[in-house]
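Asks: Final position of the sequence shown in my numbering is 348; the numbers increase by one with none missing. Positions of the beta carbon are idealized from the N, C-alpha and C atoms, including for glycine.
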Amino acid sequence: MKQKRILPFLLALLLAFGLTGCGKDVPESSSSLPEEPQSLEYPVSIGDETISEQPEKVVSLSPALTELCFDMGYGSQLIGVSEFCSWPEQVQSLPRMGTAQNPDLDAIRAAGPDLVITHTQLSENSLIALQQADISVVVLSSARQPEQLKDLYTDLGRLFSGEQTGSEEGIGFYNQQMGRVESIQEKVDAYVRAGGKRLSAVYLRMLDFTVATGDTFEGAMLEAIGFENEAGSYGNWTYPADFISQYAPDVIFCNEDITIPMLEQNAHYKGLQATIHDIVYSYDFTAFERQGARMFDILEDMAKKAYPEAFAEPSAPESDSSSQPAE
22 MKQKRILPFL
32 LALLLAFGLT
42 GCGKDVPESS
52 SSLPEEPQSL
62 EYPVSIGDET
72 ISEQPEKVVS
82 LSPALTELCF
92 DMGYGSQLIG
102 VSEFCSWPEQ
112 VQSLPRMGTA
122 QNPDLDAIRA
132 AGPDLVITHT
142 QLSENSLIAL
152 QQADISVVVL
162 SSARQPEQLK
172 DLYTDLGRLF
182 SGEQTGSEEG
192 IGFYNQQMGR
202 VESIQEKVDA
212 YVRAGGKRLS
222 AVYLRMLDFT
232 VATGDTFEGA
242 MLEAIGFENE
252 AGSYGNWTYP
262 ADFISQYAPD
272 VIFCNEDITI
282 PMLEQNAHYK
292 GLQATIHDIV
302 YSYDFTAFER
312 QGARMFDILE
322 DMAKKAYPEA
332 FAEPSAPESD
342 SSSQPAE
C-alpha cells in the first residue's frame, strides 16, 4: 500500500520540475516586452492645456498669431481667423470666426478644428462651449520685452510641430529676426564711433504725447536699433506735461494716421526741428502689436532712414589709369 501511494507523489514532483525547467520556452508576458519608443514631439503642454498630437486644423482668434503662423510656415494649417486678421494677403480667403471677445462658436464648431489659439483669454462660457466640443484652446501671451519673443515663437512652434522640432523652429525664427536687430545696432554703433551723432527719437502712437515710454516693448525696440528714446525716462505711454519744454526728438516715428501737416499745425510739434525739416517717418504700427517679421522690416527701415550714412554701401575704388602696366 505504501509503495502505491509513493509513486503518484513522485510523478507529481517530476511534472512540477519539468514544467519549471520548460518555463524558459514560455513566451514572456506583454508587460516584460520592450516598450515602443515614445514620440519626442507630443504631447505638448502650454499653460493648463496639453495637446496630445499635432493639430491639423487650427483657428486663430488673434491677428498677431495669425501673422506669426504665416511667418513661421504654419499658415496652411489655419482653417479660420478672427474678424481683425488682415495680414498677410492669404488670410483674406480664410473664413472669419469672430473675435476672442466674441467668438462665433457655431462657425468654429462647424469647422471642427483641433485647436483654437488666441492672445487673450476667452470668456468662461465660450471656453466651456469649445471644451464640450472637444476643441482645445491655448492662450499665447504677447511679448512685453524683446527677450520674451523667444518664448512666444518657441511656444507657437511647439504647438504646430511638436516639442523638439517646434522648439528648434521657434528658436531659429527668433535668432533670425533678432540677428537683424543686432546687425542694425552694430552698423549704428560703428557710425557713432566714427564720429556720427546718436539720434534721439520718439515713437508717437497718438497726438499729442502718447509715446513709447521706457517701460514699453516698442520703446525697448527703439533703443535696440540704436536710438535714444526721447521718452525713455517715463512710463505708461505718456510723456509728462511738466517736461514738454525738454521734448525735442531728432527723429519722429509716428503711426501712419499722423501726417506732417498735422504736426505742422500742432502747437507742440510745429516748432520742433524734426517737424520743420521733415524728419518724420510714418508706419503701420500694428506691426509692433503683431510682433512678426513685418515688425523687423519696419525697424530696419526706421534705422536706414534716420542713419543713411551708417547703411551706405562703401563706394568701389576708382581705377587709376596711371597704374596700368605699360604695353
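1. Taking the continuous alpha helix (DSSP H) assigned at R219, which residues delimit it?
2. Just reading off the alpha helix (DSSP H) that V209 is part of, what are its end residues?
3. Helix, strand or coil: which one does DSSP assign to Y304?
4. Excluding sequence positions up to five away, which residues of its chain have a Cβ less than 7 Å from the Cβ of A245?
5. Please determine, among L180, L89, K171, D135, the residue with the shortest C-alpha to C-alpha distance to V80.
6. Under the assumption that F248 contacts S266 (Cβ atoms under 8 Å), give the Cβ distance between them as a whole number of angstroms.
7. When DSSP labels each residue in this structure, what does T139 get in the three-state scheme?
8. I think I129 touches L151, with their Cβ atoms under 8 Å apart; what is that distance to the nearest whole Å?
9. Sort E62, Y304, E334 by Cα distance to S182 and report the nearest one.
10. Give the secondary structure of N276 by DSSP, where H, G and I count as helix, E and B as strand, and everything else as coil.
11. Which term fits F306, buried or exposed, when burial requires 16 or more other beta carbons within 10 angstroms of its beta carbon?
12. Let me know the secondary structure DSSP gives G240 once reduced to three states.
13. Quick one: what's got a C-beta closer than 7 Å to F105's C-beta in the same chain, skipping five residues either side?
14. Applying the criterion that 16 or more other CB atoms from any shown protein chain within 10 Å of the CB defines a buried residue, is P335 buried or exposed?
15. Could you check what DSSP says for T175 in three-state terms: helix, strand or coil?
16. Among the residues of its own chain, which have a CB less than 8 Å from the CB of K45, if the five just before and after it don't count?
17. Who are the Cβ neighbours of Y212 in its own chain at under 7 Å, not counting the five residues just before and after it?
18. Whether or not the region 155-169 and the region 97-117 are in contact is what I'm after, with contact meaning three or more pairs of Cβ atoms, one per stretch, closer than 8 Å; do they touch?
19. Once you ignore the five residues that flank A295 on each side, which residues in its own chain have a CB closer than 7 Å to its CB?
Replies: Taking the geometry as given:
1. Counting from 1 along the sequence shown, the entry for residue 219 is found at position 198. Premise fails: R219 is in no alpha helix (DSSP H) and is neither H nor E.
2. Translated into positions along the sequence shown, residue 209 becomes position 188. Element bounds for V209: 184-214.
3. One-based indexing of the sequence shown puts residue 304 at position 283. Reduced to three states, the DSSP call for Y304 is strand.
4. Locating residue 245 in the sequence shown gives position 224, where the first residue counts as 1. So the list reads P167, V202, Q206, once near-sequence residues are dropped.
5. Residue mapping note: residue 80 aligns to position 59 of the sequence shown, counting from 1. Per the C-alpha coordinates, the member of L180, L89, K171, D135 positioned closest to V80 is D135.
6. If you number the sequence shown from 1, residue 248 lands on position 227. If you number the sequence shown from 1, residue 266 lands on position 245. S266 and F248 do not touch by the CB rule: their CB atoms are close to 21 Å apart, not below 8 Å.
7. The residue you call residue 139 lines up with position 118 of the sequence shown. Looking at T139 - three-state DSSP - the assignment turns out to be strand.
8. For this step, residue 129 is matched to residue 108 along the sequence shown. For this step, residue 151 is matched to residue 130 along the sequence shown. Taking the Cβ atoms as the reference, I129 lies roughly 7 Å from L151, within the contact range of under 8 Å.
9. Stepping through the sequence shown from its first residue, residue 182 is reached at position 161. Out of E62, Y304, E334, E62 has the C-alpha closest to the C-alpha of S182.
10. Reading the sequence shown from its first residue, position 255 is the one you call residue 276. Strand, per DSSP.
11. Looking up residue 306 in the sequence shown gives position 285. By the 10 Å Cβ count, F306 comes out buried.
12. For this step, residue 240 is matched to residue 219 along the sequence shown. The DSSP-derived three-state label of G240 is helix.
13. Translated into the one-based positions of the sequence shown, residue 105 becomes position 84. If we look at F105 and ignore the five residues flanking it on each side, its Cβ neighbours are P84, T120.
14. One-based indexing of the sequence shown puts residue 335 at position 314. Per the 10 Å Cβ criterion, exposed.
15. Within the sequence shown, the letter at position 154 stands for residue 175. Residue state, collapsed to three classes: helix.
16. Indexing the sequence shown from 1 puts residue 45 at position 24. With a pLDDT of only 42 at K45, under 50, the local geometry of the prediction cannot be trusted, and the value read off the model is given with reservation. The answer is none, since no qualifying residue turns up.
17. Taking the first residue of the sequence shown as position 1, residue 212 is located at position 191. Cβ-Cβ distances below 7 Å link Y212 to Y328, E330, A331 in the same chain, with the five nearest sequence neighbours on each side left out; the list follows chain order.
18. Contact fails: fewer than three Cβ-Cβ distances are below 8 Å.
19. By one-based count along the sequence shown, residue 295 stands at place 274. If the five residues before and after A295 are omitted, its C-beta is found closer than 7 Å to the C-beta atoms of P270, D271, V272, I273, V301, all from its own chain and listed in chain order.
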